[in-house]
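**Student:**
Number of protein chains: 2
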Amino acid sequence: MSAIPVFDDVLAAAARIAAHAQVTPVRRSRSLDALAGCELYFKCENLQRAGAFKFRGACNAVWSLDDETAARGVLTHSSGNHGAALALAAKTRGIPAHVVVPEGAVRSKMAAIEAFGATLHVCAPTFAAREATAERLRQETGARLVHPYHDPAVIAGQGTAAMELLKEIGELDIVMTPVGGGGLISGTAIATRGLAPNARVIGAEPSGAPDAWESLRDGERPTEMTANTICDGLRGIIGAMNFDLMRQYGVEVLLADDDEIRRAMRLMWERLKLLVEPSSATVLAAVLRNPDRFAGRRVGLVLSGGNVDLDDLPL
Amino acid sequence: MSAIPVFDDVLAAAARIAAHAQVTPVRRSRSLDALAGCELYFKCENLQRAGAFKFRGACNAVWSLDDETAARGVLTHSSGNHGAALALAAKTRGIPAHVVVPEGAVRSKMAAIEAFGATLHVCAPTFAAREATAERLRQETGARLVHPYHDPAVIAGQGTAAMELLKEIGELDIVMTPVGGGGLISGTAIATRGLAPNARVIGAEPSGAPDAWESLRDGERPTEMTANTICDGLRGIIGAMNFDLMRQYGVEVLLADDDEIRRAMRLMWERLKLLVEPSSATVLAAVLRNPDRFAGRRVGLVLSGGNVDLDDLPL
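Line by line, the protein sequences give chains H and L. In case it helps, my numbering puts the first sequence at residues 5 to 319. In case it helps, my numbering puts the second sequence at residues 5 to 319.
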C-alpha cells in the first residue's frame with residue numbers, strides 16, 4: 005500500500021475484497037434517460053453488503069492488516085455507514101470492532117452495527133467527543149483506527165466500485181459520485197484514470213455542506229463547517245488526502261440543494277424501484293440541475309447507499 | 005394459442021416478448037435467508053417494464069393479435085398494473101389502448117397509464133360499472149378486450165417470469181407467487197411443470213381476500229367477495245380458467261394477514277433495498293408464517309411489482 009493510493013492499489017484492493025464484497029449490478033431506466041437527456045448507468049452500491057459502498061474500503065483496510073495487528077481489532081468513529089461496514093469487514097476476518105457513534109445517529113444504522121457483532125460506543129454529537137472517545141478506546145484495546153475516508157486503503161477500496169462499473173459498461177464520458185469526506189470520489193478518480201483516462205470525474209455535493217466545492221474554489225480546505233442537509237452521509241469535511249487527490253486528478257464538484265436531492269431520490273425510488281438514501285441521490289440531482297453539461301453523454305453514477313431509516317416511513 | 009394454455013404457449017410467449025420485456029434480475033439476501041431458514045431467490049418483477057410482471061402477459065396478448073385486429077386497439081379494465089402494462093404493450097406495437105379504471109385507483113398507476121399514451125376512462129368503483137364502461141368502449145372502438153387474468157395469452161405470458169427464474173437458478177424445491185385473479189400463479193404452474201416437474205407451486209394470498217384459498221378448500225369459486233387488504237393488486241376474484249389450472253397443476257395456497265405482509269414488505273425494503281408493493285410481500289410473509297414448510301428448501305419467489313404510491317410517503 006502506497007502512502008498515497010495509486011491505480012495498482014485499486015487493483016490490489018479488488019483482489020483482496022473479491023471473496024467478501026458483492027459485485028453490484030448496474031441498473032438503467034428509459035424514463036430517467038429521457039428526463040435527463042443522457043444515458044445514465046446507476047452502479048447500485050445500495051446493494052453492497054451492509055447497504056453502502058463503504059464496505060469496499062473497510063474490507064480492504066481490514067484485510068490489509070498483518071495478523072498480529074488485526075488480532076487487536078479495528079476502531080472507528082462514523083456517522084453510520086462506515087461504522088456498519090467496518091463492523092461487517094471485521095466479522096469477515098473474525099476480529100473485534102469498536103465503533104464510536106454520535107448520539108442521534110440513524111437508528112437503522114446503529115442496529116446494523118450491533119447486528120454485525122461490533123461494540124457500539126455512543127458519545128456526544130461533537131467532533132471533539134468522537135475523537136476523544138476513539139483515542140481512549142485505541143489506548144485501551146490496541147485496536148487500529150480505520151478512518152472513514154482519510155486512509156489510503158479505504159480510498160483504494162472505494163475505487164473498486166467505479167472499476168467494476170467501467171469494466172462492465174465500457175467507456176463512459178463521465179463518472180459521478182457523491183462527495184462527503186472524499187473517499188469515494190478520490191478512489192473513483194484513481195480507478196477512472198487507470199481504466200478510462202478520457203472520462204471526466206465529477207462529484208456531487210449538497211449545497212448545505214459545500215466544503216469540497218468551496219475548497220476547490222478557494223484552493224484550501226475549511227477547518228470547520230456547519231452542515232445543513234438531509235444527506236446524513238455527506239456532512240463531514242473533505243479530508244486532506246482526499247482533497248489533494250481531487251486536485252491532482254482534476255475532479256470537479258457540482259452542487260444540488262436538498263429539494264433537488266429529495267426530488268431525485270423520489271425519482272429513483274419510483275423509476276428504479278431501488279431504495280436509496282438521500283446521499284445517493286445527489287448525483288442524479290446534479291445531472292438534472294445541469295442538463296447542458298450532460299446532454300447526450302454516457303454517465304456512470306455510483307449510488308452510495310440504501311440505508312434509509314424506515315422508522316420514519318408509515319410502513 | 006391453445007384455448008387452455010400449455011407449456012408450449014409459455015415457450016412461444018417468451019419468444020414473442022423477448023424484444024420488449026426485461027429479463028429481470030434474481031436477488032438474494034443473506035439476512036433474509038437466515039431469518040427464514042431457507043434459500044430465497046427473489047425474481048424481481050418490480051424491475052419489469054411498467055413496474056410489474058403484468059407487462060409479460062399484456063405484451064404476449066398484444067403481439068399475439070393479427071395486424072387487422074391489433075390496428076383497432078386494445079382495451080381493459082384494471083385496478084392498475086395490468087392497465088399500465090397493456091398501455092405500454094400497445095405502445096410497443098404502435099396501437100391504441102383504452103383503460104377503464106375505477107375512481108380511487110392508485111394515483112401513480114393512473115399517471116403511468118397516461119404516460120404510456122393510453123386513454124384513461126374513469127368509472128364508478130364497482131365491478132358492474134367497469135364491465136359496462138368496457139363494453140361500451142368495445143362497441144365504439146372495436147378494440148380487443150384483454151382481460152387481466154382470464155385470458156390464455158396473458159396466462160402464458162405471466163409464466164415466462166418463472167421460466168426465467170428456473171433457467172437462471174436451476175432446480176428449486178418450491179416456486180411461489182402472489183395470488184389475485186390467478187394469472188401469475190397459473191402461468192407459473194405451467195412453466196414450472198415444464199421445467200422443474202418436481203417443484204411445488206404455492207400461491208400466497210392475503211387473509212383479507214382469501215377467494216383462491218377458499219375455492220380450493222370448497223372445490224368451487226365464490227361469485228362475490230368483499231376484499232379487505234392493503235394488497236391493492238390482489239383484490240380480484242380468482243378467474244374460472246385460472247382456478248381450473250390451479251387444480252389441474254396441484255397448486256396450493258397459503259394465507260398471510262396484512263400485518264404479516266406489511267412486516268415482510270418492510271423487511272424487503274430494508275434488506276433487499278428494493279421498492280416492492282404490498283402484493284409482492286405476500287410470498288415472503290407466507291414463508292415466514294410457515295417456517296416448517298420451507299426449512300432448508302430452495303424457494304423461488306416471484307415479486308409481482310413495485311408500484312407504491314410515493315405520495316403516501318413523506319419524501
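No residue lacks a Cβ here, since even glycine has one placed at the ideal position from N, Cα and C.
Using the three-state DSSP reduction, which class does residue 119(H) fall into: helix, strand or coil?
**Tutor:** In the first sequence, the residue the question calls residue 119(H) occupies position 115. Here residue 119(H) sits in helix by DSSP.
**Student:** Return the first residue and the last residue of the beta strand (DSSP E) that residue 81(H) is part of.
**Tutor:** As a first step, residue 81(H) is located in the first sequence; it is residue number 77 there, counting from the start. Residues 78-81.
**Student:** Answer yes or no: do residue 287(L) and residue 193(L) have a C-beta to C-beta separation smaller than 8 Å?
**Tutor:** Translated into positions along the second sequence, residue 287(L) becomes position 283. Translated into positions along the second sequence, residue 193(L) becomes position 189. No; because the gap between Cβ atoms is not below 8 Å, this pair is not in contact.
**Student:** What's the gap between the Cα of residue 257(H) and the Cα of residue 42(H)?
**Tutor:** Start at 1 with the first residue of the first sequence, and residue 257(H) comes out as number 253. Start at 1 with the first residue of the first sequence, and residue 42(H) comes out as number 38. About 19 Å.
**Student:** Given a cut-off of 8 Å on the beta-carbon distance, is the pair residue 182(L) and residue 9(L) in contact?
**Tutor:** As a working note, residue 182(L) is residue 178 in the second sequence. As a working note, residue 9(L) is residue 5 in the second sequence. It is not a contact, given that the beta carbons lie outside the stated cut-off.
**Student:** Drop a sphere of 10 angstroms on the beta-carbon of residue 227(L), count the other beta-carbons inside from all chains shown, and report buried for 16 or more, exposed for fewer.
**Tutor:** Counted from its first residue, the second sequence places residue 227(L) at position 223. By the neighbour-count rule (16 or more Cβ atoms within 10 Å), residue 227(L) is not buried but exposed.
**Student:** Using a Cβ cut-off of 7 Å, which residues of the segment 40-55 of chain L contact any Cβ in chain H, in chain order?
**Tutor:** Of all residues in the segment 40-55 of chain L, 50, 51 and 55 have a Cβ within less than 7 Å of some Cβ in chain H.
**Student:** Roughly how many angstroms lie between the CA atoms of residue 125(L) and residue 104(L), to the nearest whole one?
**Tutor:** As a working mapping, residue 125(L) is identified with position 121 in the second sequence. As a working mapping, residue 104(L) is identified with position 100 in the second sequence. Between residue 125(L) and residue 104(L), the C-alpha separation is close to 5 Å.
**Student:** Give a yes or no on whether the minimum CB-CB distance between residue 320(H) and chain L is below 8 Å.
**Tutor:** Look at the range of chain H in this structure, 5 to 319, and you will see that residue 320(H) is not part of it.
**Student:** Would you say residue 249(H) and residue 190(H) are within 8 Å of each other, going by their C-beta atoms?
**Tutor:** Within the first sequence, numbered from 1, the residue matching residue 249(H) stands at position 245. Within the first sequence, numbered from 1, the residue matching residue 190(H) stands at position 186. Cβ distance < 8 Å, so residue 249(H) and residue 190(H) count as in contact.
**Student:** Determine the extent of the beta strand (DSSP E) in which residue 48(H) is found, giving its start and end residues.
**Tutor:** Along the first sequence, one-based indexing puts residue 48(H) at 44. Taken as a continuous stretch (DSSP letters only), the beta strand (DSSP E) holding residue 48(H) covers 43-48.
**Student:** So is residue 317(H) buried or exposed if we call it buried at 16+ other beta carbons inside 10 Å?
**Tutor:** On the first sequence, position 313 is the one that residue 317(H) refers to. By the 10 Å Cβ count, residue 317(H) comes out exposed.
**Student:** Answer yes or no: does any C-beta atom of chain L fall closer than 8 Å to that of residue 274(H)?
**Tutor:** By one-based count along the first sequence, residue 274(H) stands at place 270. Answer yes: the Cβ-Cβ gap between residue 274(H) and chain L drops below 8 Å somewhere.
**Student:** Quick check: what's the CA-CA separation for residue 357(H) versus residue 150(H)?
**Tutor:** What the structure shows of chain H is the stretch from 5 to 319, and residue 357(H) is not part of that stretch, so it cannot be assessed.
**Student:** Using a Cβ cut-off of 9 Å, pull out every chain H residue sitting near residue 113(L), in sequence order please.
**Tutor:** Within the second sequence, the letter at position 109 stands for residue 113(L). Result: empty, since nearest Cβ-Cβ is about 11 Å, beyond 9 Å.
**Student:** Here's a check: name, in chain order, each residue in its chain whose Cβ is nearer than 6 Å to the Cβ of residue 82(L), leaving out the five neighbours to either side.
**Tutor:** What you label residue 82(L) is simply residue 78 of the second sequence in a count that begins at 1. Only 152 meet the Cβ criterion.
**Student:** Counting pairs of Cβ atoms below 8 Å between the segment 54-68 of chain L and the segment 48-59 of chain H, do you hit three or more?
**Tutor:** No contact exists between the segment 54-68 of chain L and the segment 48-59 of chain H.
**Student:** Can you check whether the C-beta of residue 29(H) is within less than 8 Å of a C-beta belonging to chain L?
**Tutor:** Looking up residue 29(H) in the first sequence gives position 25. With 8 Å as the cut-off, residue 29(H) counts as an interface residue toward chain L.
**Student:** If we define contact as Cβ-Cβ less than 8 Å, is residue 279(L) a contact residue for chain H?
**Tutor:** Position 275 of the second sequence, counted from the first residue, corresponds to residue 279(L). Chain H, which has a Cβ nearer than 8 Å to the Cβ of residue 279(L), makes this yes.
**Student:** Three-state secondary structure (DSSP) at residue 156(H)?
**Tutor:** Numbered from its first residue, the first sequence carries residue 156(H) at position 152. Here residue 156(H) sits in helix by DSSP.
**Student:** Measuring CB to CB, does residue 292(L) end up less than 8 Å from residue 40(L)?
**Tutor:** To locate residue 292(L), count along the second sequence from 1; it is residue 288. To locate residue 40(L), count along the second sequence from 1; it is residue 36. The answer is yes: Cβ separation under 8 Å.
**Student:** Can you tell me which of 238(H), 14(H) and 134(H) puts its alpha carbon nearest to the alpha carbon of residue 282(H)?
**Tutor:** The residue labelled residue 282(H) in the question sits at position 278 within the first sequence. Taking only the C-alpha atoms, the option nearest residue 282(H) is 238(H).
**Student:** Under the rule that 16 or more other beta-carbon atoms within 10 Å means buried, what is residue 13(H), buried or exposed?
**Tutor:** Counting from one through the first sequence, the residue named residue 13(H) turns up at place 9. Buried, because 16 or more other Cβ atoms sit within 10 Å of the Cβ of residue 13(H).
**Student:** Is residue 19(L) close to chain B, meaning its C-beta is less than 8 Å from at least one C-beta of that chain?
**Tutor:** Checking the listed chains, one finds no chain B in this structure; the protein chains it contains are H and L.
**Student:** Can you tell me where the beta strand (DSSP E) with residue 306(H) in it begins and where it stops?
**Tutor:** In the first sequence, counting from the first residue as 1, residue 306(H) sits at position 302. Its beta strand (DSSP E) spans residues 302-307.
**Student:** Specify whether the segment 169-186 of chain H and the segment 68-76 of chain H touch according to this definition: at least 3 beta carbon pairs, one from each stretch, less than 8 Å apart.
**Tutor:** Touching, no.
**Student:** Could you tell me whether any non-hydrogen atom of the ligand FMN is closer than 7 Å to the CB of residue 8(L)?
**Tutor:** Of ligands this structure carries none, so the ligand FMN is not represented either.
**Student:** Would you list, in sequence order, the uninterrupted beta strand (DSSP E) runs of no fewer than 3 residues that lie entirely inside the segment 143-220 of chain L?
**Tutor:** Here the runs fully enclosed are 178-182 and 204-210.
**Student:** Just the Cα atoms here: how many angstroms apart are residue 131(L) and residue 236(L)?
**Tutor:** For the purposes of this step, residue 131(L) is taken as residue 127 along the second sequence, with counting starting at 1. For the purposes of this step, residue 236(L) is taken as residue 232 along the second sequence, with counting starting at 1. Each residue's alpha carbon lies about 15 Å from the other.
**Student:** Helix, strand or coil for residue 102(L)? Go by DSSP, reduced to three states.
**Tutor:** The residue given as residue 102(L) occupies position 98 in the second sequence. The answer is strand: DSSP assigns residue 102(L) an E or B state.
**Student:** Using the Cα positions of residue 158(L) and residue 205(H), report the straight-line distance between them to the nearest angstrom.
**Tutor:** As a working note, residue 158(L) is residue 154 in the second sequence. As a working note, residue 205(H) is residue 201 in the first sequence. Taking the straight line joining both Cα atoms gives about 46 Å.
**Student:** Quick check on the DSSP output: the alpha helix (DSSP H) that includes residue 72(L) runs from which residue to which?
**Tutor:** Locating residue 72(L) in the second sequence gives position 68, counting from the first residue. From DSSP, the alpha helix (DSSP H) with residue 72(L) extends over 71-75.
**Student:** Along the chain, where does the beta strand (DSSP E) that runs through residue 22(L) open and close?
**Tutor:** Position 18 of the second sequence, counted from the start, is the residue given in the question as residue 22(L). Premise fails: residue 22(L) is in no beta strand (DSSP E) and is neither H nor E.
**Student:** Which of the three DSSP states is assigned to residue 134(H) in this structure?
**Tutor:** Within the first sequence, numbered from 1, the residue matching residue 134(H) stands at position 130. Of the three classes helix, strand and coil, the one that applies to residue 134(H) here is helix, per DSSP.
**Student:** May I ask you to report which of helix, strand or coil DSSP gives residue 107(L)?
**Tutor:** Locating residue 107(L) in the second sequence gives position 103, where the first residue counts as 1. If DSSP states are grouped into helix, strand and coil, residue 107(L) belongs with coil.
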